[in-house]
Amino acid sequence: MDKSSTRSPLHSNQRHIVVVGGGVTGLATIYYLRQALGSQSETMRITLMERGGRLGGKLLTEQAGGFLLDGGPDCFLTRKPWALELCRELGLDDSLLDTNEAQREVYVLNKGRLHALPEGVMLIVPTRFLPFALSPLISIPGKLRMGLDLFIPRRSGDNDETLGSFVRRRLGQEALDKIAEPLLSGIHVSDPDQLSLKSTFPRLMEVERKYGSLIRGMLAARRQMNAVRKSGRPALPMFMSLEGGMQQITDGLVAHIAHLDIDVLTHTAVISITSQNSGGAPYVLHLQSGETVQADALVLSTPSDVTSRLVRPLDAQLADMLGTIRYVSTAVVALGYKNGPEVPRLSGFGFIIPESEQRRITACTYSSTKFAARAPEGHQLLRCFMGGPGRETILELDDQALLKVARQELADILGLQGTPSIARVFRWPKMNPQYDLNHLDRVAEMRARAASHGPLQLAGCAYDGVGVPDCIRQGKEAAEAIVAQMREC
Ligand SMILES: Cc1cc2nc3c(=O)[nH]c(=O)nc-3n(C[C@H](O)[C@H](O)[C@H](O)COP(=O)(O)OP(=O)(O)OC[C@H]3O[C@@H](n4cnc5c(N)ncnc54)[C@H](O)[C@@H]3O)c2cc1C
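Put into C-alpha cells, the structure is as follows:
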C-alpha cells in the first residue's frame, strides 16, 4: 500500500468509511461525504483506495507540444447540472469553457461524403422544415417516413425498448442508420438494438408519451428555447469543458480533498471483501499487498466487473448480477497538425460515421474548433474514435498501426495528408459499460441487494449514467445514502 497522504490512526470512537476507486465518481463521493456528515465528520475516518498511481480515472488530460489532449471525456452536458454545480463549488468558474457556438455543425459521413446534420435537428428529430427538406443526407422516402412520426400513435405502457426499435418505429430505418445509430449509440458506444432507451435517453420516451410525436415534442422544446433566448436570460451551451481539460475537475477535487482529514491511498488495489459479521458490516478489505483493512461502510466505485470480483466472498448472487454488465473496448487517437496546404482548415465540431459506411474509425472531433486553446496558434487538433461493439478487433493493432489507420481514414474522408506534429493513442480496454435492455431495473435490484448488507453502496458509470455529470450525481447520492444508513446502524 502506497500512501499519497499519511494514514491517520483510527480512534476508538471513530467509524471507518472506505471509498474504493479514485475516478470522478469516487472523488465526488468523498467530496459529498464530508458535506453529508457535517458536524459528524469528527466521528468518522474516511479513506479513498485507488489501484493506480494517479487519481481521476478516465478524466485524463495531457499537454504536449502546446496541445491540450483529453484522452477520455472532452466535455460535459450542462442540462444535467451536477458537473457544472461541482465546478462552481470547487471555484473553477473562471476556467469553464463554452463550446464554439459559431461553428457547431456536426457532419455525417454518407456514401463517402460529409453532409452537415440539417439545421434544427434536435437530438435526432428535425424541427425546421426547409433545412431538413433540402438536406441530401436523407433520401426523399426516408424524409417522408420520418414525417409519419406526426401520425403514428404513441405506444402504451412504459416498458423499456431498445433505441433501435424505438427509432425504427417512430422515424424509420434510415433515420436510425444515418442519425440515431452514429449519434446516440455513439455516445454510449453501444449497439442500438441492445441499448436500453429507458436507461440512456428517457427524454425520448417522455416526449412520445407527452406529445404523441417526437417532432411535435421537439418543436415545443424549440419554442421554449427561443422564448428563453428572447427573454435575454443567458442560455448555457449544451456542452462545456474547462480550459485545463476535463482532468481539471478531478484535479480540483483532489486539491480540495487534500485540505481535509482524509486518507488518500494510491497504488492500493482491493482484491476482495469479506465480513466479520455474517455478510454485513464491519467489512474486511483484502488488499493486493496482503494487508487487511476494516471498514464500517463502503462505497464501491470500481468498474462493475471489478466490483463483482470484490464482493463475491460477501455475496455470490450480487457478484453474479454485477457480472452481467458487459463492457466493450475503445481507443481515442489524438492527432495535432500544423496548418498548411495538406491540412485543410476544418470547421464544425467534427463528424460521425454510420456503421454502414464500414470505416475503421467511428467518429472524429475537431477539438481545436470545438474549444478554444486546444492547439497552438496555426495548428489544429483532432480526436478519432475506434473500437466499440463489433469493431473491437482493430484494437489488437499496436499504437503505430492505429495511428496509421487514423491518418489513412482522415486522408480518405477529409483529404488531410500532412504529417502530424503530435500523435497519441489512449486505450480504454473493456472500460465502456453497456446499458442493455432493462438495465436500470437490474441496477435497482443490485443496489437493493448491496444495501441489504448494511452501509454498502454501488456508484459509477456502470450503473445509472455514463456521463461525467451522472457519475458526480451518483457519488453524491452514494455519500448521502451511506450517511443515512450509518445513522440507522
Ligand atoms: C473515450 C471516452 C470518452 C468519453 N467521453 C465523455 C464525454 O465527452 N463526456 C462525458 O460526460 N463522459 C464521457 N465519457 C464517460 C466518462 O468519462 C466515464 O463514464 C466516467 O469518467 C467514469 O468515471 P468512474 O469514476 O465511474 O470510473 P473510472 O474513471 O473508470 O474510475 C474507476 C477507478 O477505479 C479504480 N480501480 C479499479 N479497480 C480497482 C481496485 N481493485 N482497487 C482500487 N481501485 C480500483 C480504477 O483505477 C479507476 O481509477 C467518456 C468515456 C470514454 C472512455
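In short: position in the sequence shown from 1, add 7, done, that's our numbering. Backbone N, C-alpha and C fix where the C-beta goes; we use that ideal spot for every residue, glycine too. Quick caveat: nothing in here was measured; it's all calculated off a predicted structure.
A straight-line Cα-Cα distance of about 6 Å links ARG390 and LEU342. Nearest neighbour of LEU305 by Cα position, chosen from THR50, LEU55, SER374 and GLN201, turns out to be LEU55. Per DSSP, SER311 is not a residue of any beta strand (DSSP E); the alpha helix (DSSP H) it occupies stretches across 311-318. Here the distance from the Cβ of MET56 to the nearest heavy atom of ligand 1 is below 6 Å. Runs of the alpha helix (DSSP H) spanning 4 or more residues and lying entirely within the segment 52-105 occur at 89-96, in chain order. In this chain, GLY343 is not harboured by any alpha helix (DSSP H); it is covered by the beta strand (DSSP E) spanning 334-345. Assigned with DSSP and collapsed to three states, HIS263 falls in helix. Around the beta-carbon of THR426, fewer than 16 other beta-carbon atoms lie within 10 Å, marking it exposed. Here ASP258 carries a helix assignment [DSSP, helix/strand/coil]. In its chain, beyond the 5 residues on either side, THR50 have a beta carbon closer than 8 Å to the beta carbon of ASN20. Listed as beta-bridge partners of PHE246 by DSSP are LEU84. Under the criterion of beta carbons closer than 8 Å, LEU97 and GLY259 qualify as touching, at roughly 4 Å. Here PRO289 carries a strand assignment [DSSP, helix/strand/coil]. Rounded to whole angstroms, HIS266 and LEU34 show a C-alpha spacing of 14 Å. A straight-line Cα-Cα distance of about 41 Å links LEU410 and ARG454. Taking every protein chain shown into account, the CB of ALA262 has fewer than 16 other CB atoms within 10 angstroms, so this residue is exposed. Taking all protein chains shown into account, CYS496 has fewer than 16 neighbouring C-beta atoms within 10 Å of its C-beta and is therefore exposed.
Of the residues assessed, MET232 falls on the exposed side of the cut-off, its CB having fewer than 16 other CB atoms within 10 angstroms. LEU155 and VAL490 have their alpha carbons spaced roughly 51 Å apart. In this structure ASP198 does not touch ASN445 by the C-beta definition: roughly 15 Å separates them, more than the 8 Å allowed. Inclusion of VAL27 in the 6 Å shell around ligand 1 follows from its C-beta lying nearer than that to a non-hydrogen atom of the ligand. If you check the C-beta of PRO241 against ligand 1, you find no heavy atom less than 6 Å away. Secondary structure of ASP322 (DSSP, three-state): coil. Counting every other CB atom within 10 Å of its CB across the protein chains shown gives GLY297 a total below 16, marking it as exposed. Spatial neighbours of VAL214 in its own chain (CB-CB distance under 6 Å, excluding positions within 5 residues in sequence) are listed in chain order as LEU221 and GLY224. Excluding the 5 residues flanking it on each side, PRO160 has same chain C-beta neighbours closer than 8 Å at GLY219, in chain order. Judged by beta-carbon spacing, THR257 lies beyond the 7 Å limit of GLU57, meaning their Cβ atoms are not closer than that value. According to the DSSP assignment, PRO125 belongs to no beta strand (DSSP E), since it is labelled neither H nor E. Assignment of PRO199 by DSSP, reduced to helix, strand and coil, places it in the coil class. Scanning GLY45, THR400, LEU178 and ALA71 for the CA closest to the CA of VAL128 turns up LEU178.
Taking the C-beta atoms as reference points, PHE246 is found no nearer than 7 Å to THR369.
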